[in-house]
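*Asks:* 1574 is the number that our numbering gives to position 120 of the sequence shown; each next residue is one higher, with no gaps. One structure is given below, represented as structure tokens, and several questions about it will come after.
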Amino acid sequence: MGAIRLDKGMIVMGDRAILAETDRLVLRRFQKGDLQDLYEYLSDGKVVEYEPYKPMTIEETEENLTWRIGTEEMVAVALKCSRKMIGNVYMGKRELETLEMGYVFNRDYWGKGYAAESCQALMQQAFSNGVHRIYAECDPQNPRSWKLLETLGFRREAHLRQNVYFWKDQDGNPIWKDTYIYAKLNADR
């Protein structure tokens, strides 16, 4: 079946929605067949070190995949050459024509520019469709994340001190963390 172009840049091929393509990547909706690739990185403690969840079991990953398939906010990132799904970008809709962006990638593919390439393509598409602002939050202890945002042209707008916790210590006390907030405006591009 040939590709059919729909509104807002989405291309549908059969039952798979492809949102964008770059020279090396296909950005698409999640599919049931992504389970093993998703498990590869969601079960890796180093990959999820700064996420609000622990490494997942295969059963937890399967449940998470079901959620990903049902939402438009999660975008699977696959290599164009092999179709292997290597990560994801989150583009969550917020008020006032704003999106929140996040990303998680398989550690075997870090340092190759895939996160920047996929985020750039999705940001360009979002801004072309009238989004006013895209922001991201990250842990100051995660320089790979905030350096990527700076490479993409985001500005650091805030450093929130001990504003969030995901875990508690053995005595039940919150383990507080700081947050950097970065943003890029449509007018900045």
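The beta carbon of each residue, even a glycine, is placed where N, CA and C say it ideally should be. Keep in mind the model is a prediction, meaning the values are calculated, not measured.
1) When burial is assigned at 16 or more other CB atoms within 10 Å of the CB, is F1484 buried or exposed?
2) So, is F1620 buried or exposed, given that buried needs 16 or more other C-beta atoms within 10 angstroms?
3) Who does W1630 pair with in a DSSP beta bridge?
4) Span of the alpha helix (DSSP H) holding C1573?
5) If you draw a straight line from the alpha carbon of Y1504 to that of A1569, how long is it in whole angstroms?
6) Between the beta-carbon of L1576 and the beta-carbon of L1473, is there less than 9 Å?
7) Which of helix, strand or coil does DSSP assign to L1473?
8) Enumerate in chain order the residues of its own chain whose CB-to-CB distance from R1548 is below 7 Å, with the five nearest sequence positions on each side excluded.
9) Could you compute how far the alpha carbon of Y1589 sits from the alpha carbon of E1571?
10) Are Q1616 and W1600 touching if we call contact CB-CB under 9 Å?
11) At which residue ranges does the stretch 1507–1568 contain complete alpha helix (DSSP H) runs of 4 or more residues, listed in the order of the chain?
12) State whether the stretch 1474–1493 contacts the stretch 1509–1520, with contact taken as three or more CB pairs (one from each stretch) at a distance under 8 Å.
13) Mapping DSSP to helix, strand and coil, what is K1500?
*Replies:* Considering the structure as presented:
1) To locate residue 1484, count along the sequence shown from 1; it is residue 30. Under this definition F1484 is a buried residue.
2) Indexing the sequence shown from 1 puts residue 1620 at position 166. Under this definition F1620 is an exposed residue.
3) Within the sequence shown, residue 1630 is the residue found at index 176, counting from 1. BP columns for W1630 point to Y1619.
4) Here residue 1573 refers to the residue found at position 119 when the sequence shown is read from its first residue. First-last of the alpha helix (DSSP H) with C1573: Y1568 to S1582.
5) In the sequence shown, residue 1504 corresponds to position 50, counting from 1. In the sequence shown, residue 1569 corresponds to position 115, counting from 1. In a straight line, the C-alpha of Y1504 is about 16 Å away from that of A1569.
6) Taking the sequence shown and counting its residues from 1, the one referred to as residue 1576 is at position 122. Taking the sequence shown and counting its residues from 1, the one referred to as residue 1473 is at position 19. Closer than 9 Å, so yes.
7) Within the sequence shown, residue 1473 is the residue found at index 19, counting from 1. Strand, per DSSP.
8) Residue mapping note: residue 1548 aligns to position 94 of the sequence shown, counting from 1. Within the same chain, R1548 has close Cβ partners E1554.
9) Residue mapping note: residue 1589 aligns to position 135 of the sequence shown, counting from 1. Residue mapping note: residue 1571 aligns to position 117 of the sequence shown, counting from 1. If you take the alpha carbons of Y1589 and E1571, they lie about 17 Å apart.
10) For the purposes of this step, residue 1616 is taken as the residue at position 162 of the sequence shown. For the purposes of this step, residue 1600 is taken as the residue at position 146 of the sequence shown. No, they are not a contact pair.
11) 1512–1523
12) Contact between the stretch 1474–1493 and the stretch 1509–1520 is present: 3 or more CB-CB pairs across the two stretches fall below 8 Å.
13) In the sequence shown, counting from the first residue as 1, residue 1500 sits at position 46. DSSP places K1500 in coil when its eight states are reduced to three.
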